[in-house]
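Just so it is clear: in the sequence shown, position 126 is 126 by our numbering, and no numbers are missing.
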Amino acid sequence: MSANAKDLRHPLKRARGLGSAQFGVSHWWTQRTTATGLVVLGLWFVVLVLGHLHSDYATMRAVVARPWNAVLLIAFLITMFWHAVLGLQVVIEDYVHTRWKEIFLMVAIKFIAVLSVLGGTLAVLRIALGA
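Printed below as a string of structure tokens:
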């Protein structure tokens, strides 16, 4: 029997160092938390948009300029792109089997997500601060 009875990995996997990276549960919980946040923020966003469906440009600028709406819009952007990166990471890890392609895609997705969040946040802040 092995030295550790709770270790269920095959001895060859143990020798090669293959097995859990110890981050799966954290990733899973983060993905579920962002999904829950997206449900709440998404409902708020839909109610906001449907409530001002036929409003003009000046009215919508005033709505976005309200502090709570600006903060919630920024939170919606951050949560949406964070959740997207987490989901795409799982897809890439499962279906891309060439290591350099996997690394390139992960860097590209994170770069695009950060640029999108920064651009969206800048847009909301410019509207909210009246620039």
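From the three backbone atoms N, C-alpha and C, an ideal C-beta is built for every residue, glycine too. No experiment lies behind these values; they were computed from the predicted model shown.
{"Asked": "Per-residue burial, Thr98 [other beta carbons within 10 Å of its own, 16 or more giving buried]", "Found": "exposed"}
{"Asked": "Collapsed DSSP secondary structure at Leu53 in the structure displayed", "Found": "coil"}
{"Asked": "Candidates Ala108, Pro67, Val71, Ala75, of which the one nearest Val85 by Cα", "Found": "Ala108"}
{"Asked": "Given 8 Å, three or more beta-carbon pairs between the region 69 to 82 and the region 104 to 123", "Found": "yes"}
{"Asked": "Beta-carbon proximity of Glu102 to Ile92, cut-off 8 Å", "Found": "yes"}
{"Asked": "Own chain residues within Cβ distance below 7 Å of Phe45, not counting five before or after", "Found": "Phe76"}
{"Asked": "Supposed close pair Val40, Ile127 - CB separation, criterion 8 Å", "Found": "Not a contact, Cβ separation roughly 22 Å."}
{"Asked": "Per-residue burial, Val71 [other beta carbons within 10 Å of its own, 16 or more giving buried]", "Found": "exposed"}
{"Asked": "Straight-line Cα distance separating Ser55 from Phe213", "Found": "For the chain, the structure presents residues 1 to 131; residue 213 sits outside this window and is missing."}
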